[in-house]
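Read through the structure below, which is laid out as structure tokens, and then see the notes.
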Amino acid sequence: MKPAMKWTRFLIPTLKETPADAVVPSHRLMLRAGLMRQIAAGAYAYLPLGYRTLRKIEAIVREEMNRAGAVELNMPAMQPLELWQETRRDEAMGETLVRLADKAFRRNTVLGPTHEEVVTDIVRASINSYKQLPITLYQIQTKFRDEARPKSGVLRTREFLMKDAYSFNPSKASLDEVYDEMYAAYCRIYERCGLPYVVVEAESGPIGGDASHEFMVVTDAGEDWLVRAEDGSYAANVERAEYAPVEKASGAADAALAEVHTPGLSTIDNVSEFLKCKPSDMIKTLIYDADGDVVVALVRGDHEINEPRLKRHLGANALALAAPATIERITGAAVGFAGPVGLSGVRVVADQAVTVMHNAVTGANKTDYHLTGVVIGRDFEIAESADIRFAVAGDRAPNGSPLVFEKCIEVGHVFKLGTKYSDAMKAHFLDENGKSNPIIMGCYGIGVNRIMAAAIEASHDESGIIWPINIAPYTVEIVALDVREQEVMATAERIHDELEARGIDTLLDDRDARPGFKFKDADLIGIPLRITVGKRGLGEGIVEFKRRDSEDVEKIAPDKVVEHVAGIIASK
RNA sequence: CGGGGCGUGGCUCAGUCUGGUAGAGCGCUGCGUUCGGGACGCAGAGGUCGCAGGUUCAAAUCCUGUCGCCCCGACCA
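In the numbering used here, the protein residues as written are 7 to 578.
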């Protein structure tokens, strides 16, 4: 029998006080429970207790990946820059890509933020026939991204553990099949991890349709927003969220077009305050550079432009706000006074909500002036309109149900890539007819550390963590009181050994400390099942059994408790 | 990258404005009393005050630079 896993032989540096830098609950509790320690901004050491949970999550992910038919491999974190140049993602990722400097080797090496290039490189060298497809490869590996702002403990870091899977398919139908299988595997993974998750539609990229889903955990600590219909019919991320068209307000008479002096007032807020109008009465005019062409986008003053959507609408590769010089050339005015009236010779895309505006306020294309009483059709024409804004509170889903916004953290993403990488890297295969085709790819990511943090965000109380049973560092904690009493320790150790013999992870708190102290720590580290062995109880012929998520205490004979615990775990 | 804040013992912080030889609580070590929800007493250990310059008889404190960390925002294959 292996020696009991005793607290005194382990490293669990719990903290009574909260470190000042920790703000969100998961960060605070992971620090206080001794799960991890910060080493640098966005880089954390996982201490033994935290590492056990990480490993348990990994094991669940691995099992489900294998069950879904994916094959595990391991690729280097350190990668040749050359591969990134092949797909031009060295440019696309910009500053986020961690590059090394100095000496030839380092100049030509990056730390991988993800592994599309590397797997594709491996696959193109070893797969040439449809007979070898489909195949899905995955790894669980450390990624590096120079995030501009690491935050919220382990929720956003520069170094993190990710399960990344890549499918290689001979056809769209084959990709669809794998995608569905992965989707199902993801659901099983989050369920087994005890995470309350929501699947949302995400911006789908080149293939379109239902080609991308994100797995979200709703929590205030999150940094993304999901949007869902109140009736539950629909959920999407903000970029993707669909909404019903804004209806035309019923008919005030046309106002007269007037030019007003607005010296130095170049923002929606400034102008609306000065002119005593609502931001929603204003037209925001944004000038973009889309692959070198100037495009003007119009959205209502209180709306935010959805750049990914505009980009998609335009079919542009690169989209960015135009340089001030361009704006001045197009509008003939300083930045901040652009408007659609009198603009000519440029493509103008109006958001749908703009098309129903009436007597609007907008820039006059003249420095320090705005126009009021702008009427569409009289003062300017809308030739092209689309949904190019983000949904906002008050919008309705296409079916009319009100949209609800919730803060969330992304814990997984499945995505149909298509041939983006196989085209760029010439990963081709010969089909049944001997014809060469690019391999169709999908990619599937899971943030392992994020699952851990999200689980804590979703399950804790004032006293500490309440671990879901499958990812708890230990399943059972035995709190031995009166550790100097031989009978107490002998009983505690016996229960420990019997539980371990049944494959139940058990931690034995054998510290010579006062009971209250040990109970507080037990609540903090949040082991789901607790057995208390004390002199007093043994005198009555019992030990106590308590679940972390309940206040009830059960008194059980020492030789019955193992069976009892095993029964509870089996019923999970 | 813009804005704000903070670096003083392992942790939480006071001291900085108004320069004068570094403090508290928690934790840690030893002894004793305690012992079912973060005990108490006594005795201890532990800090070049982020770093580098400067001003001064004298710098945690004032000045300059620099590094790091947190928060808000921008960004996020």
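From the three backbone atoms N, C-alpha and C, an ideal C-beta is built for every residue, glycine too.
Looking at the secondary structure, which residues open and close the alpha helix (DSSP H) in which Trp231 lies? First-last for Trp231: Asp230 to Ala235, but that is the beta strand (DSSP E), not the alpha helix (DSSP H).
Is the separation between the beta-carbon of Ala326 and that of Tyr375 shorter than 8 Å? no
Under 7 Å Cβ to Cβ from Arg395, same chain only, skipping five residues before and after it: list those, please. Val305, His309, Glu310, Ile311, Asn312, Asp357 and Ala359
Would you list, in sequence order, the uninterrupted alpha helix (DSSP H) runs of no fewer than 4 residues that lie entirely inside the stretch 67 to 144? 87 to 92, 95 to 98, 110 to 113 and 122 to 132
List, from N- to C-terminal side, the beta strand (DSSP E) runs of 3 residues or more that fit wholly inside the stretch 457 to 528. 482 to 486 and 512 to 515
Spatial neighbours of Glu569 within its chain, please: CB distance less than 7 Å, with the 5 preceding and 5 following residues excluded, ordered by chain position. none
Closest by C-alpha distance to Asp565, when choosing among Lys169, Ser577, Val549 and Asp555: Of Lys169, Ser577, Val549 and Asp555, the residue nearest in Cα terms is Val549.
Whole runs of the beta strand (DSSP E) within the stretch 352 to 432, excluding any shorter than 3 residues: 353 to 357, 366 to 369, 375 to 380 and 409 to 424
Between the beta-carbon of Gly418 and the beta-carbon of Tyr172, is there less than 8 Å? no
I want to know whether the stretch 410 to 424 touches the stretch 227 to 236 - three or more CB-CB distances under 8 Å. Contact holds: three or more Cβ-Cβ distances are below 8 Å.
Those runs of the beta strand (DSSP E) which lie wholly inside the stretch 243 to 283 and span at least 3 residues: List check, beta strand (DSSP E) in window: 264 to 267.
Exposure label - Ser350; buried when at least 16 CB within 10 Å: With fewer than 16 Cβ atoms within 10 Å of its Cβ, Ser350 is classed as exposed.
Using the Cα positions of Ser272 and Val252, report the straight-line distance between them to the nearest angstrom. Distance between the alpha carbons of Ser272 and Val252 is about 26 Å.
Looking at the secondary structure, which residues open and close the alpha helix (DSSP H) in which Ser180 lies? Lys178 to Arg198
Mapping DSSP to helix, strand and coil, what is Met11? coil
According to DSSP, is Glu207 part of a helix, a strand, or is it coil? strand
Rank Ile146, Ala322, Lys157 and Ile45 by C-alpha distance to the C-alpha of Glu69 and give the top, closest one. Ile146
Throw me the rounded Cβ distance for the Gly424 and Ile388 pair, which I believe falls under 8 Å. Going by Cβ atoms, the distance from Gly424 to Ile388 rounds to 33 Å, so no, they are not a contact pair.
Output yes or no for whether 8 Å exceeds the beta carbon distance between Met168 and Ile477. Going by C-beta atoms, Met168 is not nearer than 8 Å to Ile477.
Please identify the residue among Arg402, Ala49, Arg536 and Asp555 whose C-alpha is closest to the C-alpha of Val567. Arg536
Sequence-distant residues of its chain with Cβ nearer than 8 Å to Asp96 (five each side left out): Leu87, Trp90, Leu103 and Val116
Close beta carbons around Arg353, own chain, < 6 Å, minus the five adjacent residues each side: Val301
Across the stretch 26 to 33 and the stretch 460 to 478, are there enough close Cβ pairs to call them in contact, namely three or more that are closer than 8 Å? yes
From the DSSP secondary-structure annotation, give me the bridge partner or partners of His434. Under DSSP, His434 forms a beta bridge with Pro444.
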